[in-house]
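Heads up: the protein sequence lines correspond to chains Y and C, in order. Residue numbering for the first sequence follows my numbering, beginning at 20 and increasing consecutively. Residue numbering for the second sequence follows my numbering, beginning at 48 and increasing consecutively. Everything below concerns the one structure shown next.
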Amino acid sequence: MSALFVKSIKFLIGGAFVVALFLALWTTVAGMINEPAAETAAEEFHLKPEHLALQSDGPFGTFDEQQVQRGFQVYKEVCAACHSLSLVSFRELEGIGYTEAQVKAIATGWTTPQPTFDPKTGDRGERPNTPADRFPHVYYPGQGSPPDLSLIAKAREGGASYIHALLTGYQAQPAELLEKFPDAKTPEGLHYNPYFANLNLAMPAPLTSEGQVQYLDGTRATVDQMSKDVSAFLVWTAEPTLEKRHAVGFATILFLIALLFLTFGAYRSVWAGVKH
Amino acid sequence: MSFPWAKQYAPKHPVMQWIDEKLPLPRFVYNAIGSGYPVPRNLNYFWNFGVLSGVALVCQIVTGVILAMHFHSSAAGAFESVNGTIMRDVNAGWFLRFAHANGASMFFIVVYTHIARGLYYGSYKAPREMVWLLGVVIFLLLMATAFMGYVLPWGQMSFWGAQVITGFFSAIPVVGDWIRIWLLGGYAPDDAALNRFFSLHYLLPFVIAAVVILHIWALHIPGSSNPTGVEVKDEQDTVPFHPYYTAKDGLGLVVFLIVFALLIFFAPDMLGHPDNYIPANPLSTPAHIVPEWYFLPFYAILKSFTFDLILPAKLWGVLAMFGSILLMFFLPWLDKSPVRSGSYRPMYRIFFWIMIVDVFVLGYVGGAEPIARNVILGQIASMYYFAHFLIIVPIVSRLERPKPLPNSITEAVLAKGKSGETAVSA
Ligand code: HEM
Numbered sequence: 020m021s022a023l024f025v026k027s028i029k030f031l032i033g034g035a036f037v038v039a040l041f042l043a044l045w046t047t048v049a050g051m052i053n054e055p056a057a058e059t060a061a062e063e064f065h066l067k068p069e070h071l072a073l074q075s076d077g078p079f080g081t082f083d084e085q086q087v088q089r090g091f092q093v094y095k096e097v098c099a100a101c102h103s104l105s106l107v108s109f110r111e112l113e114g115i116g117y118t119e120a121q122v123k124a125i126a127t128g129w130t131t132p133q134p135t136f137d138p139k140t141g142d143r144g145e146r147p148n149t150p151a152d153r154f155p156h157v158y159y160p161g162q163g164s165p166p167d168l169s170l171i172a173k174a175r176e177g178g179a180s181y182i183h184a185l186l187t188g189y190q191a192q193p194a195e196l197l198e199k200f201p202d203a204k205t206p207e208g209l210h211y212n213p214y215f216a217n218l219n220l221a222m223p224a225p226l227t228s229e230g231q232v233q234y235l236d237g238t239r240a241t242v243d244q245m246s247k248d249v250s251a252f253l254v255w256t257a258e259p260t261l262e263k264r265h266a267v268g269f270a271t272i273l274f275l276i277a278l279l280f281l282t283f284g285a286y287r288s289v290w291a292g293v294k295h
Numbered sequence: 048m049s050f051p052w053a054k055q056y057a058p059k060h061p062v063m064q065w066i067d068e069k070l071p072l073p074r075f076v077y078n079a080i081g082s083g084y085p086v087p088r089n090l091n092y093f094w095n096f097g098v099l100s101g102v103a104l105v106c107q108i109v110t111g112v113i114l115a116m117h118f119h120s121s122a123a124g125a126f127e128s129v130n131g132t133i134m135r136d137v138n139a140g141w142f143l144r145f146a147h148a149n150g151a152s153m154f155f156i157v158v159y160t161h162i163a164r165g166l167y168y169g170s171y172k173a174p175r176e177m178v179w180l181l182g183v184v185i186f187l188l189l190m191a192t193a194f195m196g197y198v199l200p201w202g203q204m205s206f207w208g209a210q211v212i213t214g215f216f217s218a219i220p221v222v223g224d225w226i227r228i229w230l231l232g233g234y235a236p237d238d239a240a241l242n243r244f245f246s247l248h249y250l251l252p253f254v255i256a257a258v259v260i261l262h263i264w265a266l267h268i269p270g271s272s273n274p275t276g277v278e279v280k281d282e283q284d285t286v287p288f289h290p291y292y293t294a295k296d297g298l299g300l301v302v303f304l305i306v307f308a309l310l311i312f313f314a315p316d317m318l319g320h321p322d323n324y325i326p327a328n329p330l331s332t333p334a335h336i337v338p339e340w341y342f343l344p345f346y347a348i349l350k351s352f353t354f355d356l357i358l359p360a361k362l363w364g365v366l367a368m369f370g371s372i373l374l375m376f377f378l379p380w381l382d383k384s385p386v387r388s389g390s391y392r393p394m395y396r397i398f399f400w401i402m403i404v405d406v407f408v409l410g411y412v413g414g415a416e417p418i419a420r421n422v423i424l425g426q427i428a429s430m431y432y433f434a435h436f437l438i439i440v441p442i443v444s445r446l447e448r449p450k451p452l453p454n455s456i457t458e459a460v461l462a463k464g465k466s467g468e469t470a471v472s473a
């Protein structure tokens, strides 16, 4: 009796899992037939961003310094009112073509100062930024909490394409949506944007009119241009070492391919004459 | 043990002689991975994956030890130390971090191939059961290590992954919640959990290294199996490990490094999840929480149990998920077929490939949205998974009529040349 039990225990355990799964399957199928999942407004009206081509794309991608600098200008003059950039240091701006002196001027001229604390007196104060500082934290009293933008290009599906689509995607809520989903009206204080996951976000359209930023390099500052540039800038902030990564990668692959020929030759000569 | 025709270590250089007399380490290496270890001559490239797993382990330890020098193990500082200090300020920190994160993926790619090789060629059968059992122990340790490592950067998926996985323990009746709180050191993942995960994440790779030594020790008693599954009979059947397999493993290693480099330098975020670039936030649950790709098949099994059959569905899911791995321990006794290699087992071979496809389906379901269609797919695939190992394999091993085996490895190798295809000299 017990020998038989030991022999068939695998079938018992296997059978138990299969039966439990079969019953689960049964209820899933029944559920699907009886109460098909209702569509939501977000499922029907959410849009996928169109691809935004940038010079940093692909295995040979590099930064377009002019564009990234323009994007920095957009960040500085528009986004920095609400969004922090707390993983990036001022000195890193040298990586996008600013000179040491320019970086120093940018840091000291930055409107949000660095907080200080004097441990002797307990006084809290402020001091100007230096190139060694990270961008100071931005406190935002309005509705919603603006995410730190340092890594945003990596933290969202679609990266730069998503940011560009989001910034240029604001529109009035479509009439069909309200007709079909009367409960889905954009709440007070939020803004309709079909690229945002749940269609309504707390950020008011930040880029609204041509010339909102006066580009130093004379490029025409259309809304589309500004949002492209700031997206390119945020790709840079998310990984300032991207160019270096591509360059080192290229050299590494070349080296490994040479090594592949050598090891293949070694393998051939060692095994020559041995059938296997 | 080794074969009687194994070459003996005879150091010529006086320094080597001197060392070998005092500490026979050179002799040990010679007999383990040198010319003193005879290996079947017919191993195919699937036999490279054991060595590649070892290389992956070494890469993880080297990059990991350096990363740990710059890592802040605290809920307030971990994210910033990884994404700020290491990625931006540490020299080549970005390389170390990408190498470590993608190294984990490479590790699983090679270990999964290594396990699949064992399943196809029946490597788990006598006399190599101990090799297999130690392999499963390594696999469990590897999963634990990878899970805890993923928690360390303290992004959204780190935090919520830890929340979900430690949540498994609360499925245990009566004491479950208490165990979960004890494991986490709190009600939710926080400093206490992060610190103990860091400590264990640093420890476990060395435990793995120790078990790998046992794994190879156990392997060297019978020696490697081979694609025919026929045991070595005489000297003709083998070649010395060095230079034959050092050359072949060297070639495999370079291919491995090329794939690894392509990931690190050109697609470092491809296998990761964007949400882990968002700092952990206990107040905001991600839209859907998914583990790293290498856990997806098991995650799919977990989620497939949605029916309270005597036990609560959640408990079924957790039991099944652990069971899906633990059943590997019993495989040498579930598969009674005396023939090892799937190449000579026409029925087993078919079910083997169905099982491989099944695991890919589970992987897809594990990462997909939980809409009804995917849930159904996952439930069917999970059924097959358990049926395969616990019902089909035991039955097939009785019913099947295997193809005739070659008399020896050498016979099989020579027949390969004769049977038409131009014999490749390489
Ligand atoms: C850290 C992970 C691992 C390392 C470093 C490792 C290393 C090795 C090495 C060097 C070999 C000999 C070469 C070969 O046959 O490919 C080997 C053989 C083997 N390994 Fe592993 N292994 C690991 C994980 C596993 C796992 C997870 C399993 C199974 C669950 C496993 C099962 C086996 C078996 C059955 C053999 C003997 C194969 C034969 O001779 O046909 N190993 N391992």
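Just so you know, even glycine gets a beta-carbon here, dropped at the ideal spot from N, CA and C.
Compare the C-beta of residue i against all C-beta atoms of chain C and say whether one is closer than 7 Å.
i: Y/F283; result: yes
i: Y/P78; result: yes
i: Y/R175; result: yes
i: Y/L44; result: yes
i: Y/K67; result: no
i: Y/Y286; result: yes
i: Y/V25; result: no
i: Y/I32; result: yes
i: Y/F274; result: no
Just to confirm the assignment, what range does the beta strand (DSSP E) spanning residue i have?
i: Y/L145; result: Position check: residue 145 of chain Y holds Glu in this sequence, whereas Leu was assumed. Run containing Y/E145: 143–146, per the beta strand (DSSP E) assignment.
i: C/T160; result: Counting along the chain, C/T160 falls outside any beta strand (DSSP E), though it belongs to the alpha helix (DSSP H) covering 140–167.
i: C/P287; result: 285–287
i: Y/F136; result: 133–136
i: Y/P165; result: Careful: Y/P165 lies outside any beta strand (DSSP E) and carries neither H nor E.
With distances taken Cα to Cα, identify the nearest neighbour of residue i among the options.
i: C/A146; options: C/F342, C/A240, C/I311; result: C/I311
i: Y/G19; options: Y/L278, Y/S288, Y/G268; result: It is not possible to answer for residue 19 of chain Y, since the shown part of chain Y is limited to 20 through 295.
i: Y/S27; options: C/N91, C/E447, C/I438, C/A265; result: C/I438
i: Y/K294; options: C/N89, C/L70, C/Y84, C/L247; result: C/N89
i: Y/L97; options: Y/D248, Y/T118, Y/L278; result: The sequence given here has Val at residue 97 of chain Y, not Leu. The shortest Cα separation from Y/V97 among Y/D248, Y/T118, Y/L278 belongs to Y/D248.
i: Y/P134; options: Y/P155, Y/A179, Y/S180; result: Y/P155
i: C/Y92; options: C/L381, C/H161, C/W400; result: C/H161
i: C/M177; options: C/G414, C/I263, C/G232, C/P441; result: C/I263
i: Y/R143; options: Y/A151, Y/P132, Y/T149; result: Y/P132
i: C/P269; options: C/R175, C/G111, C/G414, C/V404; result: C/R175
i: C/A148; options: C/G111, C/S170, C/H119; result: C/G111
Examine chain Y for any beta-carbon lying closer than 7 Å to the beta-carbon of residue i, and answer yes or no.
i: C/M317; result: no
i: C/F354; result: yes
i: C/S429; result: yes
i: C/Y324; result: yes
i: C/A367; result: yes
i: C/R396; result: no
i: C/T469; result: Below a pLDDT of 50, predicted positions are generally treated as unreliable, and C/T469, at 42, falls in that range; no measurement from the model is reported.
i: C/A473; result: Caution is warranted here: a pLDDT of 34 is assigned to C/A473, below 50, making its placement in the model unreliable, and no coordinate value can be reported.
i: C/G297; result: yes
i: C/F376; result: no
i: C/A122; result: no
By the DSSP assignment, the alpha helix (DSSP H) with residue i in it spans what residues?
i: Y/T256; result: 242–257
i: C/V86; result: Counting along the chain, C/V86 falls outside any alpha helix (DSSP H), though it belongs to the beta strand (DSSP E) covering 85–87.
i: C/D382; result: No alpha helix (DSSP H) contains C/D382, which DSSP labels as neither H nor E.
i: C/G81; result: Per DSSP, C/G81 belongs to no alpha helix (DSSP H) and is neither H nor E.
i: Y/E84; result: 84–96
i: Y/H265; result: 261–290
i: C/Y395; result: 393–414
i: Y/K26; result: 21–53
i: C/A208; result: Here residue 208 of chain C turns out to be Gly, not Ala, going by the sequence shown. Per DSSP, C/G208 belongs to the alpha helix (DSSP H) from 203–214.
Assuming residue i and residue j are in contact, meaning their beta carbons sit under 8 Å apart, how far apart are those beta carbons, in whole angstroms?
i: C/D284; j: C/A122; result: Actually they are not in contact, since the Cβ atoms of C/D284 and C/A122 sit about 58 Å apart, beyond 8 Å.
i: C/F245; j: C/L199; result: 6 Å
i: C/F50; j: C/V279; result: 7 Å
i: C/V86; j: C/F253; result: The Cβ separation is near 28 Å, so there is no contact.
i: C/Y167; j: C/F399; result: 6 Å
Please confirm whether residue i has its beta-carbon closer than 7 Å to some beta-carbon of chain D.
i: Y/A99; result: The chain inventory of the structure shown lacks chain D, comprising the protein chains Y and C.
| Which runs of the alpha helix (DSSP H) fall wholly inside the stretch 170–228 of chain Y and span at least 4 residues, in chain order? | DSSP runs (the alpha helix (DSSP H)) wholly in the stretch 170–228 of chain Y: 171–174, 178–187, 194–199.
| message | List, from N- to C-terminal side, the alpha helix (DSSP H) runs of 4 residues or more that fit wholly inside the stretch 96–147 of chain C. | response | Those alpha helix (DSSP H) runs which fall completely within the stretch 96–147 of chain C and span 4+ residues are 96–115.
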